[in-house]
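This report concerns only the one structure given below.
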Amino acid sequence: MRLSQFHLHTTKETPGDAELTSHRLMLRAGMIRKLASGLYIWSPLGLRVLRKVERIVREEMERAGAIEFQVPTIQPKDLWEATGRWEKFGPQLLKIKDRKEQVFCYSPTAEEAAADFARQELNSYKQLPVNFFQIQTKFRDEIRPRFGVMRAREFLMKDAYSFHLDDACLVREYENMKAAYARVFTRLGLDFRMVQADSGAIGGDASQEFHVIADSGEDALVFSTGSDYAANMEAAVAAAPGPRPAASEALRKIDTPTQKTCEAVAALLGLGLERTVKSIAIMTEAGFVLALVRGDHDVNEIKLGKVQGLKGYRMAGEAEIATHLGSEPGFLGPLNPAKPIRIVADRDVAAMADFVIGANEAGFHIAGVNWGRDLPEPEVADIRNAKEGDRAADGGELRVARGIEVGHVFQLGRQYAQALNATVLDENGKAAVMAMGCYGIGISRIVAAAIEQNHDDAGIIWPDAMAPWQVVVCVINPKQDDAVASAAAELLAELQAAGLDAALDDRGLRPGSMFADMELIGVPHRVVVSERGLAAGTFEYRARSASEAESLDRDALMAKLT
Ligand code: ATP
Ligand code: MG
Ligand code: MG
Ligand code: MG
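In our numbering, the protein residues as written are 363 to 924.
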């Protein structure tokens with residue numbers, strides 16, 4: 363690949379409306395261009411990365427025994443009505459009419475179509491188990507499409523659907539898929555965690571998510587240091603025994619937003635904390651930190667404030683919260699249960715939290731409040747005593763981290779197959795409804811998530827497996843010096859023959875611009891061929907993640923790269 367024959371279009375300017383680093387860098391590197399809200403064009407550069415992710419996912423799915431198929435993206439309404447999801451999926455489902463006034467949707471996921479295929483194709487238990495997968499465009503009319511391809515409306519997903527005669531077989535395939543997912547994310551070179559999850563609109567019995575760990579992630583995850591307990595906060599809160607009815611009752615009485623916030627905090631504290639609490643941080647989607655506990659002297663003061671300049675939906679550290687609220691040193695202290703609680707809303711707290719997390723170092727109390735922007739019922743839960751990972755139970759500490767959901771596996775059971783009458787004949791010749799599993803990976807989201815995890819001030823730092831090219835040979839002044847150009851071409855051929863995905867930057871840019879481009883687009887290995895180097899018999903090599911370049915002769919270079 364010669365970059366003079368390719369299309370690269372990088373920019374220095376940071377686009378104004380891109381909040382998230384990955385979104386900014388993908389635009390600056392010229393990987394994506396916006397077509398409309400939540401709809402992105404993948405440039406040739408971006409597509410190279412997307413295809414690498416896709417290939418690894420496909421290879422690991424095939425290695426795990428899944429078989430590729432493909433269903434249409436446009437699907438008939440009656441199929442979705444049969445499972446009740448035409449309604450249940452809600453406004454995320456894009457509905458379309460054809461010229462005959464027949465109604466369709468654009469597939470946001472494909473359990474129905476997969477079950478329809480299974481009922482046509484599978485007749486006997488002897489054909490089971492089987493797992494069909496596709497890598498296909500999905501559309502969800504997200505309420506807030508944002509962060510570029512991270513939360514787009516049209517996106518690329520790998521979705522797989524497995525079919526089984528009995529539950530034990532489903533559980534085995536579920537474990538097999540989890541292992542395959544772990545191989546995918548390991549091969550991609552990402553720092554990831556698997557966590558317990560809520561099954562959401564897809565439904566089913568058991569479900570787990572795979573998250574790329576990144577501070578900017580939209581999901582809060584809880585881990586224990588004492589066991590392998592790890593859960594999405596939503597699932598942790600949902601699973602927790604807690605005085606929800608009382609808290610819901612308290613929330614229902616509230617009318618003004620400020621009061622609602624205060625009451626919610628009171629409800630949290632009213633859960634009866636036995637341990638001391640150092641701070642409660644309340645984060646809203648709009649990026650406000652709303653509360654702090656002042657646990658000093660004669661009162662426990664909860665200070666609520668609207669915080670400027672904090673963006674995104676995440677946890678903040680105590681120090682950061684204190685800074686943003688303009689608190690004096692020593693403001694934070696342990697809550698004293700013997701003293702009254704005073705709530706101070708000293709600024710205009712107009713925006714409401716839709717998910718509230720309180721955490722503290724002293725007691726590892728974590729609580730969630732959901733005012734139900736999407737849910738009908740407000741919920742408050744206290745997972746302090748949850749059977750899952752409390753300090754006392756496993757001896758460890760609960761830790762909170764942020765994650766980006768990149769994969770999700772579900773044991774669906776028989777709900778879809780039942781609704782669509784997908785049966786096979788069992789050993790006794792009797793019709794049996796098949797058990798189903800489904801397994802998703804957000805291929806396009808992975809590209810953005812990888813950047814969130816791997817970047818610096820100069821740009822993207824791709825893990826080798828995802829890079830548009832593993833190595834780029836940069837030629838200094840190619841046209842004026844044939845010896846340099848031909849040495850570079852020779853090196854390129856040699857790298858390619860060694861199995862590397864290599865390119866030659868023969869665009870004739872000044873070294874500074876050329877290097878800046880390669881750093882921005884995240885090429886993991888750079889080799890410079892120059893007249894001076896040739897005279898000395900060396901190439902200048904630099905790993906994207908290294909601070910210094912090194913001079914290597916051909917053998918040392920090849921040894922380094924292969
Ligand atoms: P989220 O919680 O982020 O909305 P989800 O739980 O709705 O995701 P699933 O139904 O589990 O998503 O779909 C499988 C995978 O598809 C997700 O794990 C995620 O990686 C990806 N995905 C879902 N929605 C989007 C989107 N709007 N843009 C890009 N990828 C997405
Ligand atoms: Mg979603
Ligand atoms: Mg989710
Ligand atoms: Mg999910």
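Beta carbons are placed, not taken as given, at the ideal position from N, Cα and C, and that holds for glycine.
message: Measuring straight from C-alpha to C-alpha, what distance separates serine 909 and methionine 423?
response: 37 angstroms
query: Just checking, does the stretch 392–402 make contact with the stretch 775–787 on the three C-beta pairs under 8 angstroms criterion?
result: no
- prompt: Taking just the CA atoms, how far does glutamine 773 sit from phenylalanine 495?
  reply: As the crow flies, the alpha-carbon of phenylalanine 495 is around 15 angstroms from that of glutamine 773.
field: Proximity below 9 angstroms, CB of leucine 854 to CB of glutamate 474
entry: no
- prompt: Given that a residue counts as buried once 16 or more other Cβ atoms are within 10 Å of its Cβ, and exposed if not, what is histidine 369?
  reply: exposed
message: Can you look up threonine 376 in the DSSP assignment and give me helix, strand or coil?
response: coil
query: Counting only runs that start and end within the stretch 767–844, where is the alpha helix (DSSP H) found for 4 or more residues in a row?
result: Qualifying alpha helix (DSSP H) stretches, in chain order: 777–781, 805–815.
Environment of aspartate 559 [buried if 16+ CB atoms lie within 10 Å]: The residue asked about is misnamed: residue 559 is alanine in this sequence, not aspartate. That one is buried.
task: Could you tell me which residues DSSP puts in a beta bridge with valine 511?
output: Per DSSP, none; premise fails for valine 511.
- prompt: Can you tell me whether DSSP reads serine 1009 as helix, strand or coil?
  reply: Not covered by the structure: residue 1009. The range shown for the chain is 363 to 924.
- prompt: How would you call proline 406, buried or exposed, if buried means at least 16 neighbouring beta carbons within 10 angstroms?
  reply: That one is exposed.
- request: Could you spell out where the beta strand (DSSP E) holding leucine 518 opens and where it closes?
  value: Here the beta strand (DSSP E) through leucine 518 covers 516–526.
At least three beta-carbon pairs within less than 8 angstroms, the stretch 513–524 to the stretch 827–842: no
task: Find out if the Cβ-Cβ distance for the pair leucine 382, arginine 515 is shorter than 9 angstroms.
output: no
query: From the DSSP output, which residues share a beta bridge with glutamine 879?
result: Sequence inspection shows aspartate at residue 879; the glutamine mentioned does not correspond to that position. As far as DSSP is concerned, aspartate 879 takes part in no beta bridge.
message: For alanine 897, count the other beta carbons within 10 Å of its own beta carbon; 16 or more makes it buried, fewer makes it exposed. Which is it?
response: exposed
field: Enclosing beta strand (DSSP E) for proline 886 [first to last residue]
entry: That residue, proline 886, is in no beta strand (DSSP E); it is neither H nor E in DSSP.
Given methionine 595 as reference, the closest of Glu893, Arg761, Ala380, Phe901 once Cα atoms are compared: Arg761
message: One question on the structure: do alanine 480 and valine 433 come within less than 9 angstroms of each other, judged by their Cβ atoms?
response: Taking 9 angstroms as the Cβ cut-off, alanine 480 and valine 433 do not qualify as a contacting pair.
message: Taking 7 angstroms as the limit between beta carbons, can you name the residues of its chain near valine 557, skipping five residues before and five after?
response: So the list reads Gln570, Glu571, His573, Leu583, Ala592, Ala593, Asn594, once near-sequence residues are dropped.
- prompt: DSSP three-state call for isoleucine 418: helix, strand or coil?
  reply: helix
task: Would you mind giving the Cβ-Cβ distance between glycine 804 and valine 768, rounded to the nearest angstrom? I have them listed as a contact below 8 angstroms.
output: 5 angstroms
- prompt: Can aspartate 529 and alanine 784 be called in contact, C-beta distance under 9 angstroms?
  reply: no
field: For leucine 550 and alanine 849, the rounded distance between their alpha carbons
entry: 32 angstroms
Within 9 angstroms, strictly: CB atoms of valine 411 and lysine 520: No, the Cβ-Cβ distance between valine 411 and lysine 520 is not below 9 angstroms.
task: Have a look at Ala827, Lys439, Tyr903, Thr376 and flag the residue whose alpha-carbon is nearest the alpha-carbon of alanine 450.
output: Here the sequence assigns lysine to residue 450, which means alanine is not the residue at that position. Comparing Cα positions, the closest option is Lys439.
- request: Report all residues from its chain with a CB closer than 8 angstroms to the CB of glutamate 350; omit the five preceding and five following residues, and keep chain order.
  value: Since the first residue of the chain shown is 363 and the last is 924, residue 350 is not available in this structure.
message: For alanine 793 and glycine 427, I'd like the C-alpha separation in whole angstroms.
response: 26 angstroms
Close Cβ partners of tyrosine 543 (< 6 angstroms) along its chain, the five nearest in sequence each way excluded: Phe572, Gly769
query: Between which two residues does the beta strand (DSSP E) containing arginine 904 stretch?
result: 901–905
field: Distance between beta carbons of leucine 490 and valine 786, contact taken as under 8 angstroms
entry: 6 angstroms
message: Please report the straight-line C-alpha distance between leucine 484 and tyrosine 536, rounded to a whole angstrom.
response: Distance between the alpha carbons of leucine 484 and tyrosine 536: 20 angstroms.
task: Please report how far the alpha carbon of aspartate 844 lies from the alpha carbon of arginine 364, in whole angstroms.
output: 16 angstroms
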